[in-house]
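Colleague: One structure coming up, written as structure tokens, with questions to follow.
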Amino acid sequence: MSVDGIGTGVAPPSLGRSRNMAAIRRSDTKPEVALRSALHRQGLRFRKDYPVRVEGRLIRPDIAFTRQRIAVFVDGCFWHSCPMHGRQPRKNTAYWGPKLDSNTARDRQQTALLEAAGWRVLRFWEHEPLETVADQIGQTVRGDVRDSPVGLSPDYGTPVSE
Ligand SMILES: [Zn+2]
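Following this line, the structure appears as structure tokens:
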């Protein structure tokens, strides 16, 4: 079944809303922009939408600390089915249900791939308080820098269960 609903007899939502949603899918959504500013204020250096190739897949964390191998994702409540706000839309469920489920599956898969490749993955919901998120990222990044003052050992990033 095609994901855009074409040829499936399932109409994509024709609300003006869908245009809105398309617009907020990619980077530079407001929460991300605000978060990047907060991280800059902490003096942190990072890359946005940095492509990480893992097992032939291209994964683009919203924010990447390449030296420390920390990948940050800010997940939209709707698109990633946040437990607080990610209620399944009541209209066009045949359209949205599989789409949102596959987003969630892809999130998990990307996290697993990155972790297997030695990245630490931090995921936040867009509804989480900006300062809390920024602090948590800052602590993680600085903690890792302090732990490995001479740079990263080759085997750094072996997945740690916490
Ligand atoms: Zn939420």
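First residue of the sequence shown? That's 858 in the numbering used here, and the numbers climb one at a time after it. Don't be surprised by glycine CBs; every beta carbon is placed ideally from N, CA and C. Predicted model only: the values in this text are computed from it and were never measured.
Using a Cβ-Cβ cut-off of 7 Å (strictly less than) and excluding sequence neighbours within five positions of Ile916, which residues of its own chain qualify?
Modeller: Excluding positions up to five away in sequence, the list reads Val909, Gln967, Leu970 and Leu971.
Colleague: Flag this pair as touching only if the segment 920 to 927 and the segment 972 to 983 have three or more C-beta atom pairs under 8 Å; answer yes or no.
Modeller: At 8 Å Cβ cutoff, the stretches touch.
Colleague: Is it right to say Glu889 is buried, meaning 16 or more other beta carbons lie within 10 angstroms of its own, or is it exposed?
Modeller: Glu889 comes out buried.
Colleague: List the endpoints of the continuous alpha helix (DSSP H) containing Ala962.
Modeller: Its alpha helix (DSSP H) spans residues Thr950 to Ala973.
Colleague: From the DSSP output, read off the bridge partner residues of Arg830.
Modeller: The structure shown does not extend to residue 830, since the chain is modelled only from 858 to 1019, so the question has no answer here.
Colleague: At what residues does the beta strand (DSSP E) containing Arg914 begin and finish?
Modeller: Its beta strand (DSSP E) spans residues Arg914 to Ile916.
Colleague: Mind checking whether the beta-carbon of Trp982 lies closer than 6 Å to any heavy atom of ligand 1?
Modeller: Answer for Trp982: yes, Cβ within range of ligand 1.
Colleague: Here's the rule I'm using: 16 or more other beta-carbon atoms within 10 Å means buried, otherwise exposed. How should Gly943 be labelled?
Modeller: Buried: at least 16 other Cβ atoms inside 10 Å.
Colleague: Between the Cα of Ser894 and the Cα atoms of Arg999, Gly995 and Gly1000, which residue gives the shortest distance?
Modeller: The option with the nearest alpha carbon to Ser894 is Gly995.
Colleague: For ligand 1, is there a heavy atom less than 6 Å away from the beta-carbon of His937?
Modeller: Outside the cutoff, so no.
Colleague: Helix, strand or coil, according to DSSP, for Arg902 in the structure here?
Modeller: It is coil, neither helix nor strand.
Colleague: Could you give the first and the last residue of the continuous beta strand (DSSP E) run that contains Phe935?
Modeller: Segment: none, Phe935 is in no beta strand (DSSP E) and carries neither H nor E.
Colleague: Please name the residue or residues paired with Arg980 in a DSSP beta bridge.
Modeller: Answer is Phe930.
Colleague: Less than 7 Å between the C-beta atoms of Val990 and Leu901, yes or no?
Modeller: Contact flag unset, no.
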